[in-house]
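Here the structure comes first, spelled out in structure tokens, and everything after it is commentary.
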Amino acid sequence: MQACEILQNQNLLNDTQVQTILQTGVSGTDQIDMAVELGYLDQETALQAIGESIGVDYVDLRTADIDLALLDDFPTRLIYREQVFPIGVEDGLILIATSNPFDLYAVDEVAAAIGKAVLPVLAASPEIDSLIKQHLGVGSETIDSLIQQRTDDDLELLDEIEGDGSELSEMAQEASVIRLVNEILLEAIQMRASDVHIESQASGVTIRYRIDGMLHPQPVPPEINQFQAAIISRLKIMAHLNIAEKRLPQDGRIKLKVKGREIDIRVSVIPMIHGEGIVMRILDKGSMVFDLQSLGMESDIYEQFKQLITLPHGIVLVCGPTGSGKTTTLYSALMEIKNPSNKIITTEDPVEYQLDGINQIQVHSQIGLTFSTTLRSILRHDPDIVLVGEIRDVETAENAIQASLTGHMVFSTLHTNDSAGAYTRMTDMGVEPFLVASTVEAVMSQRLVRRLCNECKTPVKLKAIDLPPDFPTDLIDGQDLFQAVGCRECRNVGYSGRMGVYELMLTTDAIRELANARASSWQLKKSAVEGGMTTLRDDAWRKVLSGITSIDEVLRITKGDQIVGKS
């Protein structure tokens with residue numbers, strides 16, 4: 002009896018659905034996968050029903066107590082080739098989790114290999130995959146001889162690569178090394194990592210993924226250390242770097258296509274004490290949506306910022322540390338105001354995402370193409386709106402001010418801790434205070450906080466004594482606050498995704514006078530708060546009160562405003 006017929010007898014599929022599955026020509030466990038893919042039912046329900054029919058128990062691996070000691074005597078190659086995992090012992094029998102209830106040969110092969118009687122149990126294939134990666138590590142399949150030859154059709158290099166014919170180059174081009182590197186990259190993309198850190202330590206290679214701003218170590222098998230040189234060489238070849246150069250830092254770029262999505266990977270290689278370290282920044286073009294309303298701005302800040310970006314001239318600055326989402330905010334602002342009647346030109350280092358309908362320039366400092374030189378040339382190209390990737394020096398700042406004074410709207414970023422610091426930072430660069438005061442229309446400071454996982458966040462009632470001193474207890478009004486817990490959906494982190502918290506400082510008459518008088522950033526901030534500005538911390542508390550993030554996350558990412566002396 003076929004799988005779809007069993008499911009039909011269990012009233013989980015109707016005649017039409019069964020015919021649809023049979024017409025695809027699939028058989029065995031593939032019929033279960035097809036039913037799940039078509040949305041007829043989920044895999045857990047299907048396996049439970051089939052297991053009940055054929056007398057095999059179903060086990061939920063998310064809650065099962067796994068006996069990891071069994072892995073010591075279990076051939077790793079069988080885990081990958083047969084997609085099975087030993088989970089425990091019952092009445093002297095080794096329990097083997099499998100997602101294929103019809104493959105009796107696999108069960109017999111496992112029994113023969115370990116020399117013990119086994120008892121199969123059914124489990125969802127994603128849960129088996131998760132156990133394998135969690136306990137055997139990223140790339141274990143490749144390390145363990147790649148008995149199961151998986152295809153890498155999901156990952157495609159968009160640039161042709163060539164080796165230099167050396168022994169190291171030939172090693173890096175071996176099929177096993179290619180699959181190992183591809184698996185590391187695919188796993189990072191699947192986990193929504195923004196960066197991959199491959200580090201050379203005295204104890205060997207470590208791999209960490211930065212997910213939602215936090216670094217997470219990845220389990221890797223000890224055998225990966227013997228592939229260290231080959232992994233680094235393979236990544237260098239993919240990024241068109243010199244694999245023979247191990248004494249100097251190098252930067253490159255890898256262009257991939259993963260399941261139809263274009264992925265850009267910026268590669269940085271730096272020699273360390275125990276070998277070269279590699280950091281890869283993953284830019285997933287297909288998953289990025291530049292929409293100002295979806296960034297997390299509260300309605301009052303959004304309305305103010307929307308009015309600012311439509312001004313005919315002036316400077317709007319976005320501030321924050323590296324990785325705080327400044328570029329995303331500016332790109333979203335440009336997409337909001339882009340139309341056929343205006344011309345937008347950007348100068349960036351690097352151009353992270355290509356925006357349709359916007360003219361973008363890549364800075365090349367090595368040949369003298371800097372922010373300041375491109376900005377001078379941009380003004381001869383009749384733009385209406387200009388984006389400067391970053392104001393780093395007085396020359397760029399003065400050119401941006403000149404562009405503003407000649408009737409252009411200028412957007413740029415600065416590395417400062419808060420909005421008020423932008424005014425003093427430009428003055429410290431050497432720009433005349435009256436020019437800063439007269440051209441800067443507003444400064445947006447921002448951070449990214451992690452969103453609580455909707456599947457596992459838990460309400461918690463806190464007494465006032467448990468709250469930070471500046472928490473707005475008067476606004477709680479009886480609603481629950483939430484804290485992170487952790488579940489399978491968020492990989493036991495408690496958070497999934499990020500959103501922005503914002504501080505928008507408008508250059509009011511009071512702020513212009515203070516900026517012109519070279520006032521300190523503390524005085525500027527105090528004046529802005531007295532004028533009604535919502536600080537970063539206050540905006541973050543609004544996210545807590547809305548149940549979007551937690552108090553712990555706000556304390557991690559923002560600084561208190563006690564020094565401002567708010568009334």
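Just so we're aligned, residue 2 is where the sequence shown starts under our numbering, counting upward by one. Positions of the beta carbon are idealized from the N, C-alpha and C atoms, including for glycine.
Closer than 6 Å: residue i CB and nearest the ligand FAD heavy atom
i: L123; result: As presented, the structure is devoid of all ligands, the ligand FAD included, so that no description of it is given.
Beta bridge counterpart(s) of residue i as assigned by DSSP
i: S413; result: L318, V389
i: G26; result: DSSP, once it has assigned bridges, lists no residue as partnering G26.
i: P87; result: I97
i: Q447; result: Y503
i: Y496; result: L453
i: F483; result: P460
i: H198; result: R209, V280
i: P272; result: E277
i: L257; result: L158, I264
i: Q361; result: T347
i: V252; result: Just to set this straight, residue 252 is Asp in the shown sequence, not Val. Looking at the DSSP assignment, D252 forms a beta bridge with S269.
i: D285; result: I264
i: Y81; result: Paired residue(s): none; Y81 is not in a bridge.
i: Y59; result: L123
Cα-Cα separation between residue i and residue j, rounded to whole angstroms
i: W542; j: Q480; result: 14 Å
i: L8; j: F103; result: 14 Å
i: I185; j: I212; result: 14 Å
i: I95; j: I88; result: 8 Å
i: I552; j: L242; result: 44 Å
i: V108; j: T99; result: 9 Å
i: G422; j: R519; result: 12 Å
i: N226; j: I255; result: 23 Å
i: L159; j: D92; result: 54 Å
i: S177; j: A125; result: 28 Å
i: Q229; j: T323; result: 29 Å
i: L525; j: I244; result: 51 Å
i: I302; j: E433; result: 29 Å
i: D145; j: I133; result: Low confidence applies to D145: its pLDDT is 48, below 50, so where it sits in the model is not reliable, and the reading given next is rough at best. Whole-angstrom Cα-Cα distance: 13 Å.
i: P351; j: H365; result: 9 Å
i: Q191; j: R492; result: 12 Å
i: V19; j: E6; result: 7 Å
i: A404; j: M410; result: 8 Å
i: I148; j: L123; result: For I148, the predicted model reports a pLDDT of 35, less than 50, meaning its position is unreliable and no value from the coordinates is stated.
i: E200; j: S295; result: 35 Å
i: A334; j: V387; result: 12 Å
i: G515; j: M534; result: Position check: residue 515 holds Leu in this sequence, whereas Gly was assumed. The alpha-carbon atoms of L515 and M534 are separated by roughly 16 Å.
i: D540; j: Q44; result: 42 Å
i: E585; j: L48; result: Examination of residue 585 is not possible in this model, given that the chain is present from 2 through 568 alone.
i: L436; j: D419; result: 20 Å
i: T371; j: L356; result: 21 Å
i: T152; j: K458; result: Only weak support is given to the placement of T152: the predicted model assigns it a pLDDT of 41, under 50, and the value that follows is read from those uncertain coordinates. Straight-line Cα distance between these residues: approximately 38 Å.
Sequence-distant residues of the same chain with beta carbon closer than 6 Å to residue i, five excluded per side
i: V317; result: L309, F412, E442, A443
i: K117; result: I95
Residues near residue i in its chain [Cβ-Cβ closer than 8 Å; skip 5 each side]
i: L447; result: Here residue 447 is Gln; the residue named in the question, Leu, does not match the sequence. If we look at Q447 and ignore the five residues flanking it on each side, its Cβ neighbours are V319, C320, G321, S325, G326, K327, T330, G501, V502, Y503, E504, L537.
i: P223; result: G205
i: C454; result: A485, V486, G487, C488, E490, C491, V494, G495, Y496, S497
i: K247; result: P272, E277
i: L546; result: P473, L476, I477, Q480, L482
i: K544; result: G297, V450, M500, V502, T550, V555
Sequence-distant residues of the same chain with beta carbon closer than 7 Å to residue i, five excluded per side
i: D471; result: R538, G561, D562, Q563
i: G358; result: K339
i: F306; result: M298, M445, L505
i: Q3; result: S28, Q32
i: L556; result: P469
i: I233; result: E277, I279
i: D265; result: R254, K256, L284, K286
i: R426; result: L415, T417
is_contact[residue i, chain C] using C-beta, thresh 7 Å
i: R78; result: The chain labelled as chain C is not found in the depicted structure, where only one protein chain is given.
Limits of the beta strand (DSSP E) - the one that residue i falls within
i: T46; result: Element bounds for T46: not the beta strand (DSSP E) but the alpha helix (DSSP H), 44 to 55.
i: F103; result: Counting along the chain, F103 falls outside any beta strand (DSSP E), and DSSP gives it neither H nor E.
i: I368; result: Premise fails: I368 is in no beta strand (DSSP E) and is neither H nor E.
i: H217; result: 215 to 219
i: R248; result: First-last for R248: undefined, no H or E at that position.
i: L156; result: 156 to 158
Segment limits, alpha helix (DSSP H) that includes residue i
i: L312; result: Where L312 is concerned, there is no enclosing alpha helix (DSSP H), given that its DSSP letter is neither H nor E.
i: E399; result: 395 to 406
i: M430; result: 421 to 430
i: P121; result: Run containing P121: none in the alpha helix (DSSP H); it sits in the beta strand (DSSP E), 119 to 123.
i: L515; result: 510 to 517
i: P223; result: Where P223 is concerned, there is no enclosing alpha helix (DSSP H), given that its DSSP letter is neither H nor E.
i: Q524; result: 522 to 531
i: D540; result: 537 to 546
Assumed close pair residue i, residue j - CB separation to whole angstroms, cut-off 8 Å
i: H136; j: P220; result: 7 Å
i: L236; j: V268; result: 6 Å
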